[in-house]
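>
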Amino acid sequence: MLGPEHKGLPPAAWGRTVREFLATAPRLDQFETPLLTIDRSAVEANVAVMADWASAAGVQLAPHGKTTMAPQLWAQQLAAGSWGITLATIWQVQVARSFGVGRVLLANALVDPVGLHWVAAELANDPAFEFVCWADSVETVALMDEHLRSAPGSARVRVLVELGGPHGRTGARTVEQAHAVAAAVTEAARLTLAGVGGYEGALAHDRTPAATDTVRHYLDELARLHRELAAAGRYSDSAIVTAGGSAYPDLVVERLAALADEEGAHGIPTSVVLRSGAYIIHDDGFYAGISPFTAAHSAKPLRSAMHGWARVLSRPEPELALLDAGRRDLPFDEGLPVPQRVAGPEGSPLDPAATVSALNDQHTFLRLPADTRLPVGAVVRLGLSHPCTAFDKWRLVPVIDDADAPSPRVVDFLHTFF
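Read in this note's numbering, the sequence shown has 973 at position 322, and its numbers run on one by one without any break.
This is the structure:
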């Protein structure tokens, strides 16, 4: 049921269900500003691009669901062949299970006793459910095993040894430390070693030679760890090797795809799993600059599927416009919004010299050439950067048919869970 708690929706929608409101064929210009929208055609194209690329590369996809926390989008990714869904917290895993997701990769250690007991019960109640999480220290393994000893059932929790890197995030800092973690997992009563994993995106933030060399070295160390564990007989039946955010998936394939051996023809059956999450939305900022799937580098590029829409509230100076969107509405941690065009049938692209210089809680500072005609009340379409911090600001996100249309039609809504 729609109501005033759903930001941006017009009062005419209040008291109706989503289906009832969509039956009125609403247009975007009927909504209030500020607003975040998703372009349906761009999402569909991005899902297909990544699914085809991963299949051709011989790797699996477990898209990171925390990007959107939108089960509707997870379902699209799974229907396109994704191996599973990656998540970051046990609560997110519980949301996924409530929507019937059958295979989840928790890209984090799990030491919460309540969460571990829930996982144990879920595995006992549904043998078809597949769950795997990370551990990066012997202490972590000991704590997990201790909590699970009093958990229901007898199923073992599958664990990946997480390899990190200097100045990175979590993860054992050396291959030697990771071996000690793997040994502890194999000795634990309620755990089983399922493979190795990590996140290269914490070690670099651009495409300079130094950054890509750092990523390649890290991925080579992850591959070495997997090979050494396999040679030592640490795995019981199969293995997972997982890495890959949305910034360097091409480098992950370059360095790890050769490990994929689903049939075990050259050793233990091994799945190489990429966890890229932002690709389904892409952006007009950080990922547009670093992703290998841009028009400059790919015949089938990703497209930004998200836009902000904000109304001019004030023109207090010839070169300044204040818009009604702010930090509570739009992402800003990986780059400020990019002004693109004036919305509406009479709209037109904005001068490339127009820039956003700052965001307050509820205001955007739009700097313009002095002769720009942008009256109070006009609506500006904004390109955005970093979908991971866009969706968390919206409970219900309108899905439109075409962000470039003079009057986009609202064809659906995405329900987010944050």
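Positions of the beta carbon are idealized from the N, C-alpha and C atoms, including for glycine.
Quantities reported herein were computed from a predicted structural model and do not represent experimental measurements.
In terms of residue numbering, what span does the beta strand (DSSP E) encompassing Asn-796 cover?
Checking the sequence shown, residue 796 turns out to be Asp, not Asn. No beta strand (DSSP E) contains Asp-796, which is instead part of the alpha helix (DSSP H) from 789-799.
> Is Ala-1056 near the ligand GTP, in the sense that its beta carbon is under 7 angstroms from a heavy atom of that ligand?
No copy of the ligand GTP occurs in the structure displayed, which carries no ligand at all.
> Please name the residue, chosen from Glu-997, Val-694, Val-789, Lys-951, that lies closest to His-958 on a Cα-to-Cα basis.
For His-958, the nearest C-alpha among the options comes from Val-694.
> What does a CB cutoff of less than 8 angstroms around Val-762 pick up in its chain, not counting 5 residues either side in sequence?
The answer, listed in chain order, is Thr-791, Leu-794, Met-795, His-798.
> Could you spell out where the alpha helix (DSSP H) holding Thr-1006 opens and where it closes?
Element bounds for Thr-1006: not the alpha helix (DSSP H) but the beta strand (DSSP E), 1006-1010.
> Taking only the alpha-carbon atoms, compute the straight-line gap between Trp-665 and Gln-681 and give it to the nearest angstrom.
C-alpha separation (whole angstroms): 13 angstroms.
> Mapping the DSSP letters down to three states, classify Arg-966 as helix, strand or coil.
In this structure, Arg-966 counts as strand in the three-state DSSP scheme.
> Under the assumption that Asp-871 contacts Val-832 (Cβ atoms under 8 angstroms), give the Cβ distance between them as a whole number of angstroms.
Not confirmed; about 19 angstroms, so no contact.
> State yes or no: is the C-beta of Met-701 within less than 8 angstroms of the C-beta of Phe-1069?
No, they are not a contact pair.
> For Gly-852, collect the residues of the same chain with a Cβ closer than 6 angstroms to its Cβ; drop the 5 residues on either side in sequence, then sort them by chain order.
Gly-896, Ala-898, listed in sequence order.
> If you follow the beta strand (DSSP E) that Leu-844 is in, where does it begin and where does it stop?
From DSSP, the beta strand (DSSP E) with Leu-844 extends over 842-848.
> Alpha carbon to alpha carbon, what distance is there between Pro-982 and Val-993?
Their Cα atoms are separated by approximately 20 angstroms.
> To the nearest angstrom, report how far apart Thr-668 and Leu-724 are at their CA atoms.
About 20 angstroms.
> Is Gly-766 helix, strand or coil when you go by DSSP?
In this structure, Gly-766 counts as helix in the three-state DSSP scheme.
> Does the pairing of the stretch 855-863 with the stretch 886-893 give three or more beta-carbon distances under 8 angstroms?
In short, these stretches do not touch, since the Cβ pair count stays below three.
> Thr-1023 and Ala-1005 - do their beta-carbons sit closer together than 8 angstroms?
Yes, Cβ-Cβ distance for Ala-1005 and Thr-1023 is below 8 angstroms.
> Roughly how many angstroms separate the alpha carbons of Leu-679 and Val-783, rounded to a whole number?
Approximately 41 angstroms between the Cα atoms of the pair.
> Is it the case that the stretch 1008-1025 contacts the stretch 902-909, given that we only count it when at least three CB pairs across the two stretches are under 8 angstroms?
In short, these stretches do not touch, since the Cβ pair count stays below three.
> Let me check understanding here. Comparing Cα to Cα, which of Thr-825, Gly-732, Ala-946, Leu-842 lies closest to Ala-802?
Looking at the Cα atoms, Leu-842 is the closest of the given residues.
> Taking the straight line between their C-alpha atoms, what separation do you get for Ile-931 and Gly-659?
Near 23 angstroms, if we compare the C-alpha coordinates of Gly-659 and Ile-931.
> I need the straight-line Cα distance from Val-1157 to Gly-709, nearest angstrom please.
Absent from the model: residue 1157. The displayed extent of the chain is 652 to 1069, so no value can be given.
> Of all the options Pro-662, Pro-661, Asn-697, which has the alpha carbon lying nearest to the alpha carbon of Pro-950?
Checking the sequence shown, residue 950 turns out to be Ala, not Pro. Minimum Cα distance to Ala-950 is reached at Asn-697.
> When DSSP labels each residue in this structure, what does Ser-1058 get in the three-state scheme?
Coil at Ser-1058, not helix or strand.
> Assuming Trp-785 contacts Ala-758 under a Cβ cut-off of 8 angstroms, what Cβ separation, rounded to an integer in Å, is found between them?
At roughly 6 angstroms, the Cβ-Cβ gap stays under 8 angstroms, so Trp-785 and Ala-758 are in contact.
> When the Cβ atoms of the stretch 763-774 are set against those of the stretch 800-815, are three or more pairs found closer than 8 angstroms?
Contact holds: three or more Cβ-Cβ distances are below 8 angstroms.
> So Ser-927 packs on Ala-939, CB below 8 angstroms; how close in whole Å?
That belief does not hold up - the Cβ atoms of Ser-927 and Ala-939 are roughly 15 angstroms apart, past 8 angstroms.
> First and last residue of the alpha helix (DSSP H) that includes Glu-827?
From DSSP, the alpha helix (DSSP H) with Glu-827 extends over 826-838.
> Relative to the C-alpha of Ser-692, which residue among Glu-683, Val-746, Val-1061 is closest?
The shortest Cα separation from Ser-692 among Glu-683, Val-746, Val-1061 belongs to Val-1061.
> My guess is that Val-892 and Leu-880 are in contact by the Cβ rule of under 8 angstroms, so how many angstroms apart are they, rounded?
Val-892 to Leu-880, Cβ: 10 angstroms. No contact.
> Looking at the unbroken beta strand (DSSP E) that takes in Glu-813, where does it start and where does it end?
Segment 808-813, the beta strand (DSSP E) holding Glu-813.
> Rounded to whole angstroms, what's the CA-CA distance from Met-1054 to Asp-690? Just pull it up for me.
The sequence shown places Ala at residue 1054, rather than the Met named in the question. Whole-angstrom Cα-Cα distance: 6 angstroms.
> Rounded to the nearest angstrom, what separates Gly-766 and Ile-1051 at their Cα positions?
Those two C-alpha atoms are separated by around 37 angstroms.
> As a quick exercise: from Leu-876, Asn-776, Pro-722, Gly-751, pick the residue whose alpha carbon is nearest that of Leu-811.
When only C-alpha atoms are compared, the closest one is Leu-876.
> Distance, Cα to Cα, Pro-778 vs Glu-671?
Going by the C-alpha atoms only, they are around 39 angstroms apart.
> Which same chain residues, not among the five before or five after Glu-813, have their C-beta less than 7 angstroms away from its C-beta?
Excluding positions up to five away in sequence, the list reads Trp-785, Ala-786, Asp-787, Thr-821, Gly-822, Ala-823, Gly-848, Gly-849.
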